[in-house]
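Residue numbers for the sequence shown follow this note's numbering, beginning at 3 and rising by one.
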Amino acid sequence: MKKAGLVLPAQIYISWMRRCDFMHLEYLLFDLDNTLYHASSGLFEEISRRMTRFVAEYFGIPEQKASIWRKEYSSIYGTTLGGLMQAGGLDDPEQFILDVHPTDIDKYVPENPGLKLLLESVNLPKSILTNSPLEHARRVLSRLGVSDCFEKIFDIRFSGFQGKPVPECYMRVCKVIGKKSGEVLFIDDLPQYLEAFRDLGGEVLLVSEDGKGEEAGFPKISEIGQLPGYLRNTYGLF
């Protein structure tokens with residue numbers, strides 16, 4: 003019979019392995035929307051609404067049918083834009099990304115002075131990987147006050163408009179930052195994007211404010227403020 007409080011060798015081994023894992027964790031790669039700010043802000047809902055409207059106008063169909071089209075083709079091609087380009091014959095992706103990303107983001111995303119302190123407390127280099135354009139990413143990062151916390155912004159143009167979850171997108175990012183996928187922790191709110199990176203051997207962390215995606219079984223935090231605690235408890239950081 004095991005005594006209460008007895009630490010088993012297996013538990014010691016797991017704890018040791020986690021700390022060894024941190025020795026190989028050399029980079030943090032962040033998604034942008036619904037990851038660095040709360041999903042309840044409404045910004046991504048506005049972007050999604052605009053995407054549906056764009057699809058409806060592009061094909062000349064009702065928005066209800068456009069929404070169904072988006073779900074079907076996003077599941078095949080990874081993103082609405084990917085579906086439009088590869089199956090819908092869209093030749094001008096720039097028009098799409100300009101139409102669907104609002105410039106008046108201040109009414110959605112509040113300033114967050116604490117986020118800069120949080121990110122600076124984690125002594126690892128960081129970059130952004132987003133399926134949005136550079137202009138949108140810069141607006142959001144500026145609003146949050148964290149523009150100087152990231153080495154690079156890998157936007158949808160960086161990957162030739164074939165962003166997450168296309169494996170080549172992640173591979174190109176890792177090549178630029180000079181890290182193996184297993185040395186990088188990728189933090190995102192969408193399980194399908196995390197799964198693609200994990201399949202390449204990468205570390206992943208789900209940000210899920212409302213519990214969506216938890217069924218995928220990824221390590222999870224509810225909001226970005228919990229990141230330092232997760233790194234401490236999982237990898238022995240701090």
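Each residue gets a CB set at the ideal place from its N, CA and C atoms; glycine is no exception.
Do L121 and F156 come within 8 angstroms of each other at the CB atom, strictly closer than that value?
For F156 and L121, no; Cβs fall outside 8 angstroms.
Over what stretch of residues does the beta strand (DSSP E) that includes D150 continue unbroken?
Run containing D150: none; DSSP gives neither H nor E here.
Mapping DSSP to helix, strand and coil, what is V124?
If DSSP states are grouped into helix, strand and coil, V124 belongs with coil.
Out of E216, Y232, V175, point me to the one whose CA is closest to F199's CA.
Checked all of E216, Y232, V175; the closest Cα to F199 is V175.
Give a yes or no on contact between the region 210-228 and the region 52-70, applying the rule of three or more CB pairs nearer than 8 angstroms.
As far as the Cβ criterion goes, the region 210-228 does not touch the region 52-70, which means the pair count is below three.
Within its chain, find whatever has a CB closer than 7 angstroms to the CB of E153; leave out the 5 residues flanking it on each side and keep chain order.
Excluding positions up to five away in sequence, the list reads P127, K128, S129.
Along the chain, which unbroken stretches of the beta strand (DSSP E) at least 3 residues long are found entirely within the region 162-225?
DSSP runs (the beta strand (DSSP E)) wholly in the region 162-225: 186-190, 205-209.
If you run the structure through DSSP and keep just helix, strand and coil, what is L92?
L92: coil per DSSP, three-state reduction.
Can you give me the start and stop residues for the alpha helix (DSSP H) that Y60 sits inside?
First-last of the alpha helix (DSSP H) with Y60: 45-61.
Mapping the DSSP letters down to three states, classify Y29 as helix, strand or coil.
Note: Y29 maps to strand in three-state DSSP.
Spatial neighbours of G215 within its chain, please: C-beta separation below 6 angstroms, excluding the five flanking residues on both sides.
Same-chain partners within the cutoff: P193, L208.
Quick check on DSSP: helix, strand or coil for L131?
In the structure shown, L131 sits in a strand (DSSP, three-state: E or B).
Put F98 into one of helix, strand or coil per three-state DSSP.
F98 falls in the helix class under three-state DSSP.
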